[in-house]
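So the protein lines, in turn, are chains L, P and Z. Note that the first sequence covers residues 1 to 438 in the numbering used here. Note that the second sequence covers residues 439 to 738 in the numbering used here. Note that the third sequence covers residues 739 to 1043 in the numbering used here. Structure first, then comments.
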Amino acid sequence: MRSLIPLGRRRRIRTPLVAVAASLLAASTLAGCGSSGPGGGKDTLEVWVYQDGSTTIQEDFVEQFNESSDIDVDLVQIPGANYQDRMRTAMGSSNAPDIFFNWGGGSISDFVDDDLLVDLTDTVQSDPELKDAFIPSILDAGAVDGHYYGIPMRGVQPVILFYNKTIFEEAGLSAPETWDDFENAVDTLLAEDITPIALGGLDSWTEQMWLEYLLDRIGGPEVFDRIRNGDSSAWGDPAVLRAAQEIKDLVDKDAFGNFQSLSQTDDGVSTFFAQGNAAMHLMGSWEFANQNTNQPDFAQNDLAWTTFPAFPDGAGDPTDVVGNPTNYWSINSQVTGDKLDAAIEFLKVSASQEYAEALAANGDVPVTSNATDLLDQSPAPEFAHFAYDLADQAPSFTLSWDQALVTARATPTLDAISKLFAGQLSPEEFVDTLQNEG
Amino acid sequence: MKAASSASPRTGRPGIAWAIPGVLYFVFFAGVPLVMVFYLSFTDWDGLANPHWVGGENWSKLWDDQRMRDAIWLSVLLTVLSWAVQTPLALLLGVWAAGKQRNRAVLSAIFFLPLLASSVALGLLWKTIFDSNLGLMAQISDWFNLDNADPLGSESGALWVIVFVSAWQWVPFHTLIYQGGARQIPRSFYDAASIDGAGTVRQFFTITLPQLRNTIVTSSVLMVVGALTYFDTVLIITRGGPGDATTIVPYLMYKEGFDSFNLGYASAVAVALVVVATAVSLLMVRLTGFSRMRSTREGM
Amino acid sequence: MTQTTTDQAGRPTLATSGHGHAAPKAPRRRGRFSWHRVNYAAGAGAFLWLVIVVVPLYILVASTVQSRADYLDKGPISLPSDPNLDSYQNVLEGDFPRYLLNTVIVTVACAAIAVVLSVMVAYSVVRTRSRLSRGIFQAFLLGLAIPAQAVIIPVFWIITKLQLYDTLLAIILPTAAFSLPVSVLILVGTMRDIEEELYESMALDGASPARMLLQLAVPMSRAGISTVAVFSALTAWNGFLFPLILTQSPENRVLTLGLYDFVGEFRVDIPSLLAAVVLSMLPIFTAYLFARRQLINGLMGVGGR
Chain L
1 MRSLIPLGRR RRIRTPLVAV AASLLAASTL AGCGSSGPGG GKDTLEVWVY QDGSTTIQED
61 FVEQFNESSD IDVDLVQIPG ANYQDRMRTA MGSSNAPDIF FNWGGGSISD FVDDDLLVDL
121 TDTVQSDPEL KDAFIPSILD AGAVDGHYYG IPMRGVQPVI LFYNKTIFEE AGLSAPETWD
181 DFENAVDTLL AEDITPIALG GLDSWTEQMW LEYLLDRIGG PEVFDRIRNG DSSAWGDPAV
241 LRAAQEIKDL VDKDAFGNFQ SLSQTDDGVS TFFAQGNAAM HLMGSWEFAN QNTNQPDFAQ
301 NDLAWTTFPA FPDGAGDPTD VVGNPTNYWS INSQVTGDKL DAAIEFLKVS ASQEYAEALA
361 ANGDVPVTSN ATDLLDQSPA PEFAHFAYDL ADQAPSFTLS WDQALVTARA TPTLDAISKL
421 FAGQLSPEEF VDTLQNEG
Chain P
439 MKAASSASPR TGRPGIAWAI PGVLYFVFFA GVPLVMVFYL SFTDWDGLAN PHWVGGENWS
499 KLWDDQRMRD AIWLSVLLTV LSWAVQTPLA LLLGVWAAGK QRNRAVLSAI FFLPLLASSV
559 ALGLLWKTIF DSNLGLMAQI SDWFNLDNAD PLGSESGALW VIVFVSAWQW VPFHTLIYQG
619 GARQIPRSFY DAASIDGAGT VRQFFTITLP QLRNTIVTSS VLMVVGALTY FDTVLIITRG
679 GPGDATTIVP YLMYKEGFDS FNLGYASAVA VALVVVATAV SLLMVRLTGF SRMRSTREGM
Chain Z
739 MTQTTTDQAG RPTLATSGHG HAAPKAPRRR GRFSWHRVNY AAGAGAFLWL VIVVVPLYIL
799 VASTVQSRAD YLDKGPISLP SDPNLDSYQN VLEGDFPRYL LNTVIVTVAC AAIAVVLSVM
859 VAYSVVRTRS RLSRGIFQAF LLGLAIPAQA VIIPVFWIIT KLQLYDTLLA IILPTAAFSL
919 PVSVLILVGT MRDIEEELYE SMALDGASPA RMLLQLAVPM SRAGISTVAV FSALTAWNGF
979 LFPLILTQSP ENRVLTLGLY DFVGEFRVDI PSLLAAVVLS MLPIFTAYLF ARRQLINGLM
1039 GVGGR
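What follows is the structure, given as structure tokens:
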């Protein structure tokens, strides 16, 4: 009987293989129904955006754009803490977005190195209307090695020290102008059993804001400039150690309260702050629009803002700012021909007057050159002017570290910051770690 | 089908070809990746360009990486704690649920509920509950006018939260195993012991526990292998923090791979994970005599 | 490493159910487990565990019928003052139905692939004369030890090269593959129990292997097949890592990834977030009510992963 087996084998194979092929085919058909949307159909542009309170503006303008364009834009909204990770993962895949939201700088420099982005320099240079629409420094902040890869599409986002003026008044405090004022405020609030500072420890980029400002105030913007340009030894600057020590003091004092289980990306911190549980909150300017939407009472009655306190003997100018100049749209270099033309048309939308007006009406601070005229249309003109002037008059605008550094350096930096706040690294160890890895 | 009938008319046995589709499919999506992850651990790959060979660089870095040592230690700790918490609970509940009374059946059905949800759903539920600002902890602290308890805020607290949440999720499963095991203990053993005047507690230690020996082994092997790969819970509740207090090996791999995009290095971590998981399960199987059991029915 | 191993003859065996058909049944008499009756301590312990299980579930459900403002105000455990189903409406009006549909597609496809392939593999392993069968079986046994997490990076690479990134197929293909080992083991166990005489009598009628599979092996392994179907379906339903890495856009989001993303979408609207959690559990919960035994058997397979 054994001799029969080889004879039968060749033919027998078919039955099972056909069955499997059929079932796989069935499965792929099934899968097909679900995946018909994006994925680079011929006549749509897949546009990825981080989903938050401002996304409605992009929704509206996409709809408008699609009415007049032959090539439709399909807006894909990605929420949550790891937009950047997921966008980056997708960029390495076959189904990368055609146009995507990003922070410029280090967040896209890997893509530039691998020629994954459309160089927009010529487009911008040859179109004065586009080029002059934006504040030059903001447009330049998104450039990599002098080439434009992104067009600004949101408001300016300086990091601002928000505080609860009601709590401050009750405690007999006023907005801290110097670090001494600030420390005094922390001590007073602690004595009153109020958490001085709201902080979202689950998102280490919010912890990072404290270090960004402290390092700027103590050592000036030059220290981080050196780091950003690839000099890891600049982490050894005494100003970094000093900044880390200030953080450690604050953590040891309990100035941040129960910060480790709070998150900024799910609005936990903002709610905590709005409920009057904490007196201060260092956050990007978008926090105002956020509070104004979610806790309007708080935003109108209690919310106040100021610049980050000056350091007594620090090298940094107290009007320096850290944060994100804005967000940008970039185009995938796979996009060519008519689609590329349509993509560029879509990017130009954000240079339009209407777009800037919509941003302003949402509480954002537009980065177009004529923004000052629009600020009065903001739901909170007072805040809009403050944020605009802060960014406009700053001698230095340091890009958020995790956006300025390439991914391979940004993550270890955030990790080290998170461990510093968790007390797992002493200030000295923090400096050592960053010199080796950051 | 006609073809097959001519093959071996007397017994009509299928050829090995029937297994080929399944084998190829499995090899393609599990076997090949296993080989590839080993290859990738010798490359530098950022997820954008193609991987390029760097020899043992990742491995020497891994060897010196304090984070990896911490992650292995945390994984082991989490595994041991999970085992130590879940085993007694599941054992006692399983033996109790093996009884025939109706109320036990009803309660068992309720105990079973956590097993119906995904780790993601449970992670979100427990994250909400442990929220030091809006969660149950905050509310209880308010009642007693205490400072808000914040289990997720301390290093050991966060680890215990993971231990607790995974126990909550997996104890029902192991309870079922023990329930099955306990039901197979012949009643006559207990009758005899009762006649000798042995009390409940003594019966438990002299009859139930020894009889469940194999069940304990089965359950423990599953528990340990499962605990080595907790990932969803960590990602959702603690994101590996505070600091790196709950960064276990799979989470470290995820972070290195899909946050830092050091995919070559992450592959080295992944290989280490495979080695550790395989070694631990083989070791347990060897040490406990699991492999000598005639079948796991014996252990169920 | 599931509830499987090999017996002394090297033949694999597997228990597909926690109880019922293994050890000889003890003689039945009334008052079985007499020692249980007086065990108040155990009863108290069980009650305590009941509290631990039920309180979070109560919080889960109670939170969903509050308004966002109420929840923020009063916290999770208070009685809802004005119970309503707004949060459920909120969830159902959003992308939830699409995520649910995607999950159903993925689940059905995974179960189908796993059942078809594992039936064929098990049938071949159990019945073939080929010496390879043992090797194949051992390979699947070893396959049990591969944690899906450990190969996610190469799987990502493969899916990308197949141009399947961000499609449902990207989830289905690896998920089904990783439920194959347990499925094969379960079915090999079940099919071993089919008596040789039955095959022989069919063979006398000149039945082909395919006919024997369809008319004998499959009907006789119904229990095992349903276990495999439930197990692979549950694995797919609850799977998170593959969707997290291999898909992105809302069109292709399954429930687990959808829930994860709701955190960033609903933010502090905890009632809506938890309503989504409840809704995601509901289908399995319903299945539990109507097909408890099969579900439990399938779950015993899940633990093997």
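Glycine residues also receive a C-beta, built at the ideal position from the N, C-alpha and C atoms. All figures in this text were calculated on a predicted structure; none of them were measured in a lab.
Contact with chain Z is found for Ser-94/L, since one of that chain's Cβ atoms lies less than 8 Å from the residue's Cβ.
Residues of chain L whose Cβ lies closer than 7 Å to the Cβ of Asp-697/P are, in chain order, Asp-85, Thr-411.
Here Ser-418/L has Ser-204 as same chain residues with Cβ atoms under 6 Å from its own Cβ, once five neighbours each way along the sequence are excluded. Those residues of the region 1025-1037 of chain Z placed with their C-beta closer than 7 Å to a C-beta in chain P are Tyr-1026, Ile-1034, Leu-1037, ordered along the chain.
Boundaries of the alpha helix (DSSP H) harbouring Val-863/Z: 834-865, taken from the DSSP string. Contact between the region 943-962 of chain Z and the region 869-880 of chain Z is absent, with fewer than three C-beta pairs closer than 8 Å. Not flagged as an interface residue toward chain Z: Val-73/L, since no C-beta distance is shorter than 8 Å. Along the region 940-951 of chain Z, the positions whose C-beta sits under 8 Å from a C-beta of chain P are Met-940, Ala-941, Gly-944, Ala-945, Ser-946, Pro-947, Ala-948, Arg-949, Met-950, Leu-951, read in chain order. Pairing Gln-377/L with Glu-357/L gives a Cβ-Cβ distance under 8 Å.
Looking only at Ile-567/P, Val-714/P, Ser-657/P, the smallest Cα-Cα distance to Leu-798/Z is reached by Ile-567/P. In the structure shown, the three-state DSSP call for Asn-700/P is coil. Residues of chain L whose Cβ lies closer than 8 Å to the Cβ of Ile-983/Z are, in chain order, Thr-89. Val-514/P has its alpha-carbon roughly 43 Å from the corresponding atom of Ser-285/L.
Below 8 Å, too few C-beta pairs join the region 427-434 of chain L and the region 837-847 of chain Z to call them touching: fewer than three. In this structure, the beta-carbon distance from Ala-535/P to Ser-520/P does not fall below 8 Å.
A direct Cα-to-Cα measurement between Asp-415/L and Asp-216/L gives close to 20 Å.
In the DSSP assignment, His-385/L falls within the unbroken alpha helix (DSSP H) covering 381-393. Residues of chain Z with a Cβ closer than 7 Å to the Cβ of Pro-79/L are, in chain order, Asp-999, Gly-1002, Glu-1003.
Scanning Asp-811/Z, Thr-866/Z, Leu-795/Z for the CA closest to the CA of Pro-452/P turns up Thr-866/Z. The beta-bridge partner set that DSSP reports for Gln-77/L consists of Val-49/L.
Non-local C-beta neighbours of Ser-856/Z in its own chain, meaning closer than 7 Å and more than five positions away in sequence, comprise Leu-918, Ser-921, Val-922, Leu-925, Val-966, ordered along the chain. About 12 Å separates the CB atoms of Gln-58/L and Ile-78/L; that is not less than 8 Å, and the two are not in contact. From the beta-carbon of Asp-43/L, no residue of chain Z is found nearer than 7 Å; the closest lies around 17 Å away. In this structure, Gly-485/P is the residue among Leu-472/P, Tyr-477/P, Gly-485/P with its C-alpha nearest to the C-alpha of Leu-701/P.
Gln-607/P is outside the set of residues whose beta carbon lies under 8 Å from a beta carbon in chain Z. Proximity of Thr-517/P to chain Z, defined by a Cβ-Cβ separation below 8 Å, is not satisfied. Within the region 480-507 of chain P, contact with chain L at the beta-carbon level (separation under 7 Å) is assigned to Asp-484, Gly-485, Leu-486, Ala-487. The alpha helix (DSSP H) runs lying completely inside the region 250-315 of chain L and spanning 4 residues or more are 268-274, 286-294, 296-301, given in chain order.
Inter-residue distance for Leu-982/Z and Thr-845/Z is about 16 Å (C-alpha atoms, whole angstroms).
Between the region 148-161 of chain L and the region 99-113 of chain L there are three or more C-beta pairs closer than 8 Å, enough to call the two in contact. Here Arg-88/L is not near Phe-476/P, since their CB atoms are 8 Å or more apart.
For Ser-69/L, there is no enclosing beta strand (DSSP E), as DSSP marks it with neither H nor E.
At the C-beta level, Ser-719/P and Ala-528/P stay beyond 8 Å of one another. Taking a C-beta distance under 8 Å as the contact criterion, Pro-325/L and Ala-141/L qualify as a contact pair. Apart from sequence neighbours up to five positions away, the residues of its chain that approach Ala-244/L with a beta-carbon distance below 7 Å are Leu-420, Pro-427, Phe-430, Val-431, ordered along the chain.
Taking 8 Å as the threshold, the shortest C-beta distance from Tyr-903/Z to chain L falls below it.
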